[in-house]
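Visitor: The structure's right below; bear with me while I get my questions together.
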Amino acid sequence: MTSNIPYDHNLRLSSFDISNTYTNIRTHELLSIIDTACDNNVVEERLKRDIFNLSKTIIDQNYFQFEGLTYKQNDGLAMGAPTSSIFSEFYLQHQENSKIYDLLRNHNVVRNFRYVDDILIIYNEITTDIEDLFHRFNSFNPNLKFTLEKGARRRIHFLDLTIHREHNKFSIDIYLHGRHHPERLMPPRRTKTSCDTLLVQ
6 MTSNIPYDHN LRLSSFDISN TYTNIRTHEL LSIIDTACDN NVVEERLKRD
56 IFNLSKTIID QNYFQFEGLT YKQNDGLAMG APTSSIFSEF YLQHQENSKI
106 YDLLRNHNVV RNFRYVDDIL IIYNEITTDI EDLFHRFNSF NPNLKFTLEK
156 GARRRIHFLD LTIHREHNKF SIDIYLHGRH HPERLMPPRR TKTSCDTLLV
206 Q
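What follows is the structure in structure tokens.
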């Protein structure tokens, strides 16, 4: 929600992006997180066992084909599997609650927005060392590697949006990637609307 951020001329925009999220999620850690979440929510023992066993079965069915041969991926979530987005979100929410929110708070970040594996960071360059924050993001979990994009010329491209830092406010435009046709840039309307609403309400 950029509309209610107190404007300051020292505000800057950056984004962190997780590289190869699905394949870098350690499945044994994910299963442990699922087990702990069941305990924290006082899930009945039989249901907890079913949830755990079903999750493990789905995660273990991690096969893919390449040049006519079938392979089994030993770790990480399957690329293209509908369940991987759910498991990934579950895993990343755990990382947020256990590590990321503390890092953002300790570095005085003004506001942050995450959409899947992209994080928009709005910060005051006087009170936040974005390079140090980036380094700490790449240190709290050895399997998650982040890339950093700093805003340039008062703007940053985030997802399919361009966010502008103007004289006393932020504005948002659709970001046209190269010469692609605009209609091809848009994900399903419901998904895109949820992202736009997150930023501008």
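If you count the sequence shown from 1, you need to add 5 to reach the working numbering.
Even glycine gets a Cβ: it sits at the ideal position worked out from N, Cα and C.
1. Assuming the contact rule is C-beta atoms closer than 8 Å, ARG116 and ILE10 should be a hit. Round their C-beta distance to whole Å, please.
2. Using 8 Å as the threshold, is the C-beta distance between LEU16 and ARG170 below it?
3. Please name the residue or residues paired with ASN117 in a DSSP beta bridge.
4. Assuming ILE91 is part of the alpha helix (DSSP H), what are its boundary residues?
5. Using only the alpha-carbon positions, how far apart do LEU153 and ASP44 sit?
6. Does DSSP put LYS104 in a helix, in a strand, or in coil?
7. Between the Cα of SER93 and the Cα atoms of TYR128, THR28, GLN78 and THR41, which residue gives the shortest distance?
8. Thinking C-beta only, is LEU18 closer than 8 Å to ILE127?
9. Would the beta-carbon of SER60 fall within 8 Å of that of LEU82?
10. Could you please give the first and the last residue of the uninterrupted beta strand (DSSP E) stretch that includes ARG160?
11. Given that a residue counts as buried once 16 or more other Cβ atoms are within 10 Å of its Cβ, and exposed if not, what is HIS185?
12. Taking just the CA atoms, how far does ILE30 sit from GLN70?
13. Taking the alpha-carbon of ARG119 as reference, which of TYR12, PHE21 and HIS14 has the nearest alpha-carbon?
14. Using a Cβ-Cβ cutoff of less than 8 Å, which residues in the same chain neighbour ASN146 once the five nearest sequence positions on both sides are dropped?
15. Kindly indicate the opening and closing residues of the alpha helix (DSSP H) around ARG141.
16. For a test of the three-state rule: what should DSSP assign to ASP178, helix, strand or coil?
17. Cα separation between LEU164 and LYS155?
18. Which value, in whole angstroms, describes the spacing of the CA atoms of VAL48 and ILE179?
19. Decide if LEU138 is buried, meaning its Cβ has at least 16 other Cβ atoms within 10 Å, or exposed.
Guide: In terms of the structure at hand:
1. 6 Å
2. yes
3. ILE126
4. 87-100
5. 36 Å
6. helix
7. THR28
8. yes
9. no
10. 160-163
11. Below a pLDDT of 50, predicted positions are generally treated as unreliable, and HIS185, at 49, falls in that range; no measurement from the model is reported.
12. 21 Å
13. PHE21
14. GLN100 and LYS104
15. 135-142
16. strand
17. 14 Å
18. 43 Å
19. buried
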